[in-house]
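Colleague: Heads up: the sequence shown begins at 12 in the numbering used here, then just goes up one per residue.
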Amino acid sequence: ILNWDYTGLTYYNNLWLYVQGGMLNGNYTGLAYYNDTWFYVQEGVLNWDYTGLTNYNGAWFYVQGGILNWDFTGLVLHYGTWFYVSGGILDWSYTGVGQYQDAWFYVENGILNWDYTGLTYYNDVWYYVVNGFLDWNVTTLTYYNDIWYYVENGAINWNYTGLTYFYD
Numbered sequence: 012i013l014n015w016d017y018t019g020l021t022y023y024n025n026l027w028l029y030v031q032g033g034m035l036n037g038n039y040t041g042l043a044y045y046n047d048t049w050f051y052v053q054e055g056v057l058n059w060d061y062t063g064l065t066n067y068n069g070a071w072f073y074v075q076g077g078i079l080n081w082d083f084t085g086l087v088l089h090y091g092t093w094f095y096v097s098g099g100i101l102d103w104s105y106t107g108v109g110q111y112q113d114a115w116f117y118v119e120n121g122i123l124n125w126d127y128t129g130l131t132y133y134n135d136v137w138y139y140v141v142n143g144f145l146d147w148n149v150t151t152l153t154y155y156n157d158i159w160y161y162v163e164n165g166a167i168n169w170n171y172t173g174l175t176y177f178y179d
């Protein structure tokens with residue numbers, strides 16, 4: 012019996028296809044829920060190769076290998092912009108540092124901010140960011156909230172007492 016009420020995935024001819032209202036929908040691109048898992052569908056076919064962000068009902072989700080990855084936290088490149096994803100969902104409220112591979116970057120309101128240079132607080136440590144990148148090789152003085160701080164190897168060194176060379 013044809014089920015006109017069914018919307019979801021169905022397996023046919025070695026492909027997972029998207030059905031909407033009982034009919035194949037070759038125009039649909041987005042997420043589809045099936046057997047307690049969210050899958051990425053592209054033009055009506057489950058795309059096992061897709062890794063990236065997708066918008067679903069106004070929220071952005073991280074898909075890895077065609078399946079929504081609820082465990083992923085980090086930076087994702089999407090059409091030339093780096094976004095911060097936390098627990099599989101793009102987090103527009105996040106400001107702090109985010110990781111991509113072995114590097115750390117400054118994120119402001121969910122987007123990597125390449126223009127920021129200064130201090131940021133993360134996991135009980137104050138880090139120094141240069142043009143959006145946490146540079147572990149930087150040793151400098153920095154001015155923050157009306158106080159000068161000594162930064163060594165990319166983080167404030169609270170134990171340093173002495174002279175430092177700064178701008179000639």
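Beta carbons are placed, not taken as given, at the ideal position from N, Cα and C, and that holds for glycine.
Using a 10 Å radius around the Cβ and a threshold of 16 neighbouring Cβ atoms, would you call Tyr73 buried or exposed?
Modeller: As a working note, residue 73 is residue 62 in the sequence shown. It is buried - the Cβ of Tyr73 has at least 16 other Cβ atoms within 10 Å.
Colleague: If you scan the stretch 77-101 from start to end, which runs of the beta strand (DSSP E) of 3 or more residues do you find wholly inside it?
Modeller: 85-89, 92-97
Colleague: Can you give the beta carbon distance from Leu86 to Phe50, rounded, assuming they're within the 8 Å contact cut?
Modeller: Indexing the sequence shown from 1 puts residue 86 at position 75. Indexing the sequence shown from 1 puts residue 50 at position 39. Cβ atoms of Leu86 and Phe50 stay farther apart than 8 Å, at about 23 Å.
Colleague: With C-beta atoms as the reference, is Ala43 less than 9 Å away from Leu26?
Modeller: The residue you call residue 43 lines up with position 32 of the sequence shown. The residue you call residue 26 lines up with position 15 of the sequence shown. The answer is no: Cβ separation not under 9 Å.
Colleague: For the stretch 43-82, which segments carrying the beta strand (DSSP E) assignment without a break, of at least 3 residues, lie completely within its bounds, in sequence order?
Modeller: 48-53, 63-67, 70-75
Colleague: If you scan the stretch 108-176 from start to end, which runs of the beta strand (DSSP E) of 3 or more residues do you find wholly inside it?
Modeller: Qualifying beta strand (DSSP E) stretches, in chain order: 114-119, 129-133, 136-141, 151-155, 158-163.
Colleague: Since Trp27 sits in a beta bridge, which residues does DSSP pair it with?
Modeller: What you label residue 27 is simply residue 16 of the sequence shown in a count that begins at 1. In the DSSP output, where bridge partners are listed per residue, Trp27 has Tyr22.
Colleague: From Asp146 to Tyr39, what does the alpha carbon distance come to, in whole angstroms?
Modeller: By one-based count along the sequence shown, residue 146 stands at place 135. By one-based count along the sequence shown, residue 39 stands at place 28. Going by the C-alpha atoms only, they are around 43 Å apart.
Colleague: Restricting to Cα atoms, I'd like to know which of Gly99, Phe144, Ile78, Thr65 is closest to Gly107.
Modeller: Looking up residue 107 in the sequence shown gives position 96. Closest option to Gly107, Cα to Cα, is Phe144.
Colleague: Taking only three categories from DSSP, how would you classify Leu35?
Modeller: The residue you call residue 35 lines up with position 24 of the sequence shown. Note: Leu35 maps to strand in three-state DSSP.
Colleague: Measure the beta-carbon distance from Thr62 to Gln75 and round it to whole angstroms, keeping in mind my assumption that it falls under 8 Å.
Modeller: Reading the sequence shown from its first residue, position 51 is the one you call residue 62. Reading the sequence shown from its first residue, position 64 is the one you call residue 75. Thr62 to Gln75, Cβ: 5 Å. Contact.
Colleague: Distance, Cα to Cα, Trp159 vs Tyr29?
Modeller: By 1-based counting over the sequence shown, the position of residue 159 is 148. By 1-based counting over the sequence shown, the position of residue 29 is 18. The alpha-carbon of Trp159 is positioned some 59 Å away from that of Tyr29.
Colleague: For Tyr67 and Leu79, what's the separation of their Cα atoms in angstroms?
Modeller: Sequence index remark: in the sequence shown, residue 67 carries index 56 (1-based). Sequence index remark: in the sequence shown, residue 79 carries index 68 (1-based). Tyr67 and Leu79: Cα-Cα distance of roughly 11 Å.
Colleague: Kindly indicate which residue of Leu174, Thr153, Trp15 has the alpha-carbon position closest to the one of Leu130.
Modeller: For this step, residue 130 is matched to residue 119 along the sequence shown. For the residues Leu174, Thr153, Trp15, the minimum Cα distance to Leu130 belongs to Thr153.
Colleague: Any idea if Thr65 is buried or exposed, counting beta-carbon neighbours within 10 angstroms, 16 or more meaning buried?
Modeller: By 1-based counting over the sequence shown, the position of residue 65 is 54. Buried.
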